[in-house]
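Below: the structure, in structure tokens.
There are 4 protein chains.
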Amino acid sequence: MESKKRRGILERLNAGEVVVGDGGYVLQLERRGYVKAGHWTPEAAVEHPEAVRQLHREFLRAGANVIQTFTFYCSEDKLDISGNVTNITGAQINEAACDLAREVANEGDALVAGCVSKTPCYVKSHSEPEVKAIYKKQMDDFLRKDIDFFIVEFVDHVEEAVWAVEVLKTSGKPVGATLCISPHGDMRGVPPGECAVRLVKAGADIVGINCHLDPLTCVRTVKLMKAGLEKAGLKAHLMIQPLGFHTPECNLGGYTSLPEYPFALETRAMTRWDMHKYAREAYNAGIRYIGGCCGFEPYHIRAIAEEMATERGFLPPASEKHGLWGAALEMHTKPWVRARSRREYWENLLPASGRPKCPSMGTPGDDYEKQLESNIPT
Amino acid sequence: MESKKRRGILERLNAGEVVVGDGGYVLQLERRGYVKAGHWTPEAAVEHPEAVRQLHREFLRAGANVIQTFTFYCSEDKLDISGNVTNITGAQINEAACDLAREVANEGDALVAGCVSKTPCYVKSHSEPEVKAIYKKQMDDFLRKDIDFFIVEFVDHVEEAVWAVEVLKTSGKPVGATLCISPHGDMRGVPPGECAVRLVKAGADIVGINCHLDPLTCVRTVKLMKAGLEKAGLKAHLMIQPLGFHTPECNLGGYTSLPEYPFALETRAMTRWDMHKYAREAYNAGIRYIGGCCGFEPYHIRAIAEEMATERGFLPPASEKHGLWGAALEMHTKPWVRARSRREYWENLLPASGRPKCPSMGTPGDDYEKQLESNIPT
Amino acid sequence: MESKKRRGILERLNAGEVVVGDGGYVLQLERRGYVKAGHWTPEAAVEHPEAVRQLHREFLRAGANVIQTFTFYCSEDKLDISGNVTNITGAQINEAACDLAREVANEGDALVAGCVSKTPCYVKSHSEPEVKAIYKKQMDDFLRKDIDFFIVEFVDHVEEAVWAVEVLKTSGKPVGATLCISPHGDMRGVPPGECAVRLVKAGADIVGINCHLDPLTCVRTVKLMKAGLEKAGLKAHLMIQPLGFHTPECNLGGYTSLPEYPFALETRAMTRWDMHKYAREAYNAGIRYIGGCCGFEPYHIRAIAEEMATERGFLPPASEKHGLWGAALEMHTKPWVRARSRREYWENLLPASGRPKCPSMGTPGDDYEKQLESNIPT
Amino acid sequence: MESKKRRGILERLNAGEVVVGDGGYVLQLERRGYVKAGHWTPEAAVEHPEAVRQLHREFLRAGANVIQTFTFYCSEDKLDISGNVTNITGAQINEAACDLAREVANEGDALVAGCVSKTPCYVKSHSEPEVKAIYKKQMDDFLRKDIDFFIVEFVDHVEEAVWAVEVLKTSGKPVGATLCISPHGDMRGVPPGECAVRLVKAGADIVGINCHLDPLTCVRTVKLMKAGLEKAGLKAHLMIQPLGFHTPECNLGGYTSLPEYPFALETRAMTRWDMHKYAREAYNAGIRYIGGCCGFEPYHIRAIAEEMATERGFLPPASEKHGLWGAALEMHTKPWVRARSRREYWENLLPASGRPKCPSMGTPGDDYEKQLESNIPT
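Protein chains in written order, with full-length UniProt numbering: chain U, 1 to 378; chain G, 1 to 378; chain X, 1 to 378; chain H, 1 to 378.
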């Protein structure tokens, strides 16, 4: 399979285009029955390719310009630890995932991003050669296939992300790097602005944030990265792929420290209307690669694409089944539902949880937050 | 395509087996980009068969013993009104949907149910011949294909459901009938017990409730149906396919009267643990056909199958990617997440909404509730 | 001290006047430092008369037409059990309380009601002679002083209330009787309508509900009493003195079964605007003696008097320090506070709790509710 | 009337004693019917001395070591603007208030503090001589009576507070100064640490925070003041008299910007158990003058005194009517209430609001917050 001649990620971003990213794979495929929570490894690319292909297609149809390979946690050391698959190698998953991403990307105008994430090896060994060897091996898997650029994602120590970028840059392909950190900085307290500077100096073409915190908090963190780059006189494109949940309580540790993680997050899920607001905020902050991570389902990505319709000049395919701002409700049989076919209604609605015995905010895991706090200079 | 030799729905229920139903199609496919909210018509069976097939597969994998044809609102009069498709006929959709359901059902030990729902014609004309003609036409579509039994669902006037049952019984196949009513009765105030009696007298083999209200409320309504049948000396199997949302406020009109319907229901979504409780309550009430409707995603159906594992003697395929009661969290990297790998944690958790400016209960559309109330004798 | 010549309670009610009751003493005096929670006995009438006098005055100033003697739980058997006072007799308290009530009542146009409440003896002995002897002793204390009528209050078995009424009627003075029961009936499941009939047949001139449940629920119960009386062809005046807290969860057992009772009820306290709504509902239900019980502070009574200003033809003295519906905010220094000087603002406000980790509804003490439920026929 | 020989405020604080302040007057007297909301002027000292005296007594009985004169907003310019009283002069109120405070203080071991608050003149004229003349006049009223020290309170520009301190120091009496500001600083963005330095340099013996924000936030602000003083090598005693409401939303403007201000704050009221936590935090922060402001009722002050019982060596008089941590519930008639007679129960309770249609957090008045924000350097 070969890539059609299409414009690369940097061409698009350099031209000032809005690039819509795809949504989250592991949480959604967990709910569909193909990923094991706690492990979060992507063996479904080999075991159930039709399920992965279908989710790729839904994101493409929702407006995504990038299809990320379903290769989260797909380093050999992580696969070993999880013990989730014994008869499939990391290389097999990486290669199958590249094929699936390419197949679907070619059904539209999308690019394929080869994705790597943090390694257990980093925390365990703290050895630059060992960690880099792991990233090198995964990169080689990708390079045997046809991908357009790389994304380093879900790394919470900037040092590890820098090592990953340094490896991936040797491929000659563009590299994006997103940390899963809060406005307070990385796990060692390195502030977002300085993280961005280090990543760009290491060669990253695009920097930003993914996962762990809600969209508006992630926008704040990317703004701090941008300010850091400006202060240092550096330039890079900005990207963002936040969590699709309301998580006001976990400013430091991210949503894994919430009591609801990972099996009772339903009530925190964002609506499509929340995503309109997020996309606009991200755009206004100067971010041009706007996608999602855990919790982002296809209709959330469609909401980004619909909010960006004027800037991009078109609606995504899935909008044929979606009236903007609820317009399709105009023909509902109940008059009070018809009355909801307008932007003001949905923008101002404060949705009830239907759970009167539940609080609106929880208490995140204390120890973790405290540990992080002790790393962060105030 | 032809059905393998497998035991029919009545054979299974007569033998005392627990039959796990599938989940909801229209809401889930709306979020995946293939169904238009407000219209809710199933043209995706023709337009995007891969998306419908994949969702069927996920429900099968989650443990469903029945695959329902994706034919909701697929009567010609409803399709005309919605105006959503002009180049596809109802017959084309019905036939494509039968093929898809059969294809997936045959991948496991599942039956195909041909589904009909309420017709606009009933409220408009109130004409028995006209309504019956519509059901007859849809039945004929199904009979050209290979289905195992019929389900009448989402009807809120028992009279219309009776007419549907009378038509479908002429096929010689078993018929299940589920009303979308509350414990207060149907739209004209006919109490659940009497509704059940009328349906069984019309020929229904299985009766129960689907959609519109949350699981535990629907269990209460089915119990009232059961009591009505017992009082009348009648026998029938009981089924239930409730809403997958917490809806404590809409005791009469159902969830369409909630302010969040249909685009901000996220926060009301039930967790998998809520479904364990529901499945157990339904089983204890004597219900043996236990499934879901709008809001039930594959992992909710898996939760039913896991709760019923002892009664059924096996776990569903999708449980290979799911530790019971969170057991797979035992190998999570964070110690406080590992501590959640046990039943007590999830059973007692009161999930927070992360939305401190939102209330926990809303105010349903008043006019509708009042109108219904006036029909219901107190 | 002697009563001025003033019109009696029945003269007023027979003339169709709205009689405003006073508010709750024990909870308010607990917060002021003079009553011991758990005991709830009224020895402050002897120990700290200035504190009781001041609260009487505040209720008078707020518009009350009746000053109730501060004699709650002031039967000898209850005082013995509580062990709260050893050097003061019940007779001393009753007499001191009568003097205080009379002193303040005479400062305005108010009547003095001598109050008796349920006795521990009833549940312990279930002996009519014993219980009646206790009520007789308390009545005699009152008759040595100058009171205008009697109120039996806070009784949850109608049988005991009937006994109390039978005793007090021997005084020749009017008797009002209020039960602390829910719409489901008394502790033995006697429905409100039948309770009212029994009380009126025993001689009660005024019947109704006090304490234990929130205002609108108590209005519902009084309506059931009224319907019972009408069905039986009986006539009596209606009175109501509900709880000043939001208690949607405790339909059976009342607020003592709430987890917040008695030291964390703050968050459930009703606003003055809630009281406007309550007073109007009570009036519309035909109730003409409208007051409050636990949780009603002077400003809540003022709100009743302000809502009833048109019907009564005057405002209470304390309204000189209160603009109707917030009118006095017109001269506030902050413009956004000035904007709140209107009825619509306060009627439509949904006040936030400022407690994002707290739920909106609690779980009442199960055992008690279950025990009661078993007494109530469904 | 003359002061008994008792130890002064500085003697006590210098000796390391915990001084318990009194609670809030204007809000509580508004609810009792003697103060007009929006005006908040203290004419009740003349019009209804018995009401003011009673509230003083309740605070004394609850454990207060200081009785503040009821002279809030009692400068001539404020009284003129409010137009609330025309026949009483500021001097008359100030003098009557001194007599009432002294009368009650002498009933126990309490001191009298003469209180001044911010003047409308400051914002209007910004004239040092004019503002100082107003403070001088009020000081002279106090000096004609017998007071022990001065408190400047409820000032949100440190400059105005400095002017007040400079005037009051000419009396030779000790001066305490509390600002109503947030951790972000005063209305012009002067940080708390610098505010403290300026006040101490102006002569204040005690500095701290009062009103406007909830207790734990006020403790944070006082800590910042303390740090500022330490950095500057200055010494002063610390005091705190915060709001008695949960106000997590109004970090800048304070509770007047909350939608519930001033007539629907009930649901935000703190419990006595919240006050235990607050008193402990304040003590741990090195604050030794610990009282309350708006929302603090007598039982809240008692809670401070009970939490500080070990440090002070005694319980307040009102504790004779209060079992510590609910101990008096041990003799309640209901077993599940008896089970609440222990510290763990009340410390861990998350009280429900009983208002399922209300949110847990509100949106403060935007314009004001924005205006303040623009003054505060980030």
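Cβ atoms here follow ideal geometry from the backbone N, Cα and C, with glycine treated the same way.
In this text, all values refer to a predicted model and were calculated from it rather than measured experimentally.
Item checked: Identity of the residue in H/I67, H/G108, H/G313, H/Y25 nearest H/Y73 by Cα -> Counting from 1 along the fourth sequence, the entry for residue 73 of chain H is found at position 73. With distances taken between Cα atoms, H/Y73 lies closest to H/Y25.
Check: How many Å lie between G/R7 and G/P242 at the Cα?
Finding: Numbered from 1 along the second sequence, position 7 holds the residue referred to as residue 7 of chain G. Numbered from 1 along the second sequence, position 242 holds the residue referred to as residue 242 of chain G. Going by the C-alpha atoms only, they are around 25 angstroms apart.
Next item on the list: Buried or exposed for H/K124, please, with buried defined as at least 16 other CB atoms from any protein chain shown within 10 angstroms of its CB.
Entry: In the fourth sequence, counting from the first residue as 1, residue 124 of chain H sits at position 124. Under this definition H/K124 is an exposed residue.
Next item on the list: Inspect the beta-carbon positions of U/H39 and U/S82 and report whether they are closer than 8 angstroms.
Entry: On the first sequence, residue 39 of chain U is found 39 positions in, with the first residue counted as 1. On the first sequence, residue 82 of chain U is found 82 positions in, with the first residue counted as 1. Going by C-beta atoms, U/H39 is nearer than 8 angstroms to U/S82.
Next item on the list: Could you name the residues that DSSP lists as bridge partners for U/T178?
Entry: Taking the first residue of the first sequence as 1, we reach residue 178 of chain U at position 178. Partner(s): U/G208.
Check: Between which two residues does the alpha helix (DSSP H) containing G/E225 stretch?
Finding: As a working mapping, residue 225 of chain G is identified with position 225 in the second sequence. Correcting the residue identity first, residue 225 of chain G is Met in this sequence and not Glu. For G/M225, the enclosing alpha helix (DSSP H) starts and ends at 215-231.
Checklist line | Contact set between H/Q68 and chain X, taken where Cβ atoms lie within less than 8 angstroms | finding: The residue labelled residue 68 of chain H in the question sits at position 68 within the fourth sequence. Correct list: empty, because the minimum Cβ distance to chain X is about 18 angstroms.
Margin query: Please list, in chain order, the chain U residues whose beta carbon lies closer than 9 angstroms to that of X/P351.
Written below: Position 351 of the third sequence, counting from 1, holds the residue named residue 351 of chain X. Chain U residues near X/P351: none, gap ~14 angstroms exceeds 9 angstroms.
Item checked: Segment limits, beta strand (DSSP E) that includes G/M239 -> The residue given as residue 239 of chain G occupies position 239 in the second sequence. Segment 237-241, the beta strand (DSSP E) holding G/M239.
Margin query: Suppose the cutoff is 7 angstroms on Cβ atoms and the five residues either side in sequence are ignored; what does the same chain contact list for residue 408 of chain G look like?
Written below: The requested residue 408 of chain G does not occur in the structure, where chain G is confined to residues 1 to 378.
Notebook entry, point to check: Near H/C293, what residues of its chain come up, given a Cβ to Cβ distance below 7 angstroms and the 5 sequence neighbours on each side ignored?
Noted result: Position 293 of the fourth sequence, counted from the start, is the residue given in the question as residue 293 of chain H. Closer than 7 angstroms at Cβ, skipping near neighbours: G24, N210, C211, Q241, P242, L243.
Item checked: Presumed contact (8 angstroms Cβ cut-off) between H/C250 and H/P364, rounded CB distance -> By 1-based counting over the fourth sequence, the position of residue 250 of chain H is 250. By 1-based counting over the fourth sequence, the position of residue 364 of chain H is 364. Correct: roughly 5 angstroms between the Cβ atoms.
Note to self: Runs of 3 residues minimum, wholly inside the segment 50-133 of chain G: which ones carry the beta strand (DSSP E) assignment?
What the structure shows: 66-68, 111-117
Check: Is the number of C-beta pairs between the segment 127-136 of chain H and the segment 161-176 of chain H that are closer than 8 angstroms three or more?
Finding: A contact between stretches requires three or more CB pairs, one per stretch, nearer than 8 angstroms, and the segment 127-136 of chain H meets this requirement with the segment 161-176 of chain H.
Checklist line | Contact check, U/A196 vs U/M225, beta carbons under 8 angstroms | finding: On the first sequence, position 196 is the one that residue 196 of chain U refers to. On the first sequence, position 225 is the one that residue 225 of chain U refers to. The answer is yes: Cβ separation under 8 angstroms.
Next item on the list: Thinking U/Y255 and U/T247 are a contact (beta carbons under 8 angstroms), I'd like their distance in whole angstroms, please.
Entry: Walking along the first sequence from the start, residue 255 of chain U turns up at place 255. Walking along the first sequence from the start, residue 247 of chain U turns up at place 247. The Cβ separation is near 5 angstroms, so the contact holds.
Check: Name the chain G residues whose beta carbon is nearer than 7 angstroms to that of H/C358?
Finding: For the purposes of this step, residue 358 of chain H is taken as the residue at position 358 of the fourth sequence. Here the neighbours are P359.
Next item on the list: List the residues of chain U whose Cβ lies closer than 8 angstroms to the Cβ of X/T363, in chain order.
Entry: Within the third sequence, the letter at position 363 stands for residue 363 of chain X. Simply K357.
Item checked: H/V207 and H/A285 closer than 8 angstroms at C-beta -> Working through the fourth sequence from its first residue, we reach residue 207 of chain H at position 207. Working through the fourth sequence from its first residue, we reach residue 285 of chain H at position 285. For H/V207 and H/A285, no; Cβs fall outside 8 angstroms.
Next item on the list: Return the CA-CA distance between X/C98 and H/L79, expressed in angstroms with no decimal places.
Entry: As a position in the third sequence, residue 98 of chain X is number 98, starting the count at 1. As a position in the fourth sequence, residue 79 of chain H is number 79, starting the count at 1. About 40 angstroms.
Next item on the list: Could you check what DSSP says for U/E153 in three-state terms: helix, strand or coil?
Entry: Position 153 of the first sequence, counted from the start, is the residue given in the question as residue 153 of chain U. Here U/E153 sits in strand by DSSP.
Next item on the list: Identify the continuous alpha helix (DSSP H) that holds U/W336 and give its terminal residues.
Entry: Within the first sequence, numbered from 1, the residue matching residue 336 of chain U stands at position 336. Segment 335-338, the alpha helix (DSSP H) holding U/W336.
Notebook entry, point to check: With contact counted as at least three CB pairs below 8 angstroms, one residue from each stretch, are the segment 342-349 of chain U and the segment 61-73 of chain G in contact?
Noted result: no
Margin query: Can you pull the chain H neighbours of X/V337, defined as C-beta to C-beta under 9 angstroms?
Written below: Along the third sequence, one-based indexing puts residue 337 of chain X at 337. The contacting residues are G38, T256, S257, Y261, P262, G365.
Notebook entry, point to check: From what residue to what residue does the alpha helix (DSSP H) around H/A303 run?
Noted result: Within the fourth sequence, numbered from 1, the residue matching residue 303 of chain H stands at position 303. H/A303 -> alpha helix (DSSP H) spans 298-307.
Checklist line | Cβ shell of X/N65 (< 8 angstroms), same chain only, five flanking positions each side left out | finding: Translated into positions along the third sequence, residue 65 of chain X becomes position 65. If you ignore the 5 residues before and after X/N65, its C-beta comes within less than 8 angstroms of the C-beta of R12, V19, V20, G21, D109, A110, L111, all in its own chain and listed in chain order.
Next item on the list: State whether the segment 268-283 of chain X contacts the segment 294-309 of chain X, with contact taken as three or more CB pairs (one from each stretch) at a distance under 8 angstroms.
Entry: yes
Check: Rounded to a whole number of angstroms, what is the C-alpha to C-alpha distance between U/L324 and H/P359?
Finding: Position 324 of the first sequence, counting from 1, holds the residue named residue 324 of chain U. Position 359 of the fourth sequence, counting from 1, holds the residue named residue 359 of chain H. Going from the Cα of U/L324 to the Cα of H/P359 covers about 28 angstroms.
Item checked: Within chain G, partners of U/P298 - CB distance below 8 angstroms -> Counted from its first residue, the first sequence places residue 298 of chain U at position 298. Going along chain G in sequence order, the residues near U/P298 (Cβ under 8 angstroms) are R31, R32, G33.
Notebook entry, point to check: Taking 8 angstroms as the CB-CB cut-off, is X/S125 touching chain H?
Noted result: Locating residue 125 of chain X in the third sequence gives position 125, where the first residue counts as 1. No - not a single Cβ of chain H is within 8 angstroms of the one on X/S125.
Next item on the list: Could you check if H/H126 is buried or exposed, using at least 16 other CB atoms within 10 Å of its CB as the buried criterion?
Entry: Residue 126 of chain H sits at position 126 when you count from the first residue of the fourth sequence. Under this definition H/H126 is an exposed residue.
Next item on the list: Measure the alpha-carbon distance for residue 379 of chain G versus G/D140 and round it to whole angstroms.
Entry: Nothing about residue 379 of chain G can be read from this structure; chain G reaches only from 1 to 378.
Check: Hey, G/D148 and G/A204: beta-carbon distance below 8 angstroms or not?
Finding: Position 148 of the second sequence, counted from the start, is the residue given in the question as residue 148 of chain G. Position 204 of the second sequence, counted from the start, is the residue given in the question as residue 204 of chain G. Cβ atoms of G/D148 and G/A204: not closer than 8 angstroms.
Note to self: From the DSSP secondary-structure annotation, give me the bridge partner or partners of X/I287.
What the structure shows: For the purposes of this step, residue 287 of chain X is taken as residue 287 along the third sequence, with counting starting at 1. DSSP, once it has assigned bridges, lists no residue as partnering X/I287.
Check: Could you give the distance in angstroms between the alpha-carbon of X/H237 and the alpha-carbon of X/R198?
Finding: Taking the first residue of the third sequence as 1, we reach residue 237 of chain X at position 237. Taking the first residue of the third sequence as 1, we reach residue 198 of chain X at position 198. X/H237 and X/R198: Cα-Cα distance of roughly 14 angstroms.
Next item on the list: Within the same chain, show all residues whose beta-carbon is closer than 6 angstroms to that of U/K5, passing over the 5 residues directly before and after it, in chain order.
Entry: Mapped onto the first sequence, residue 5 of chain U falls at position 5. Contacts found: none.
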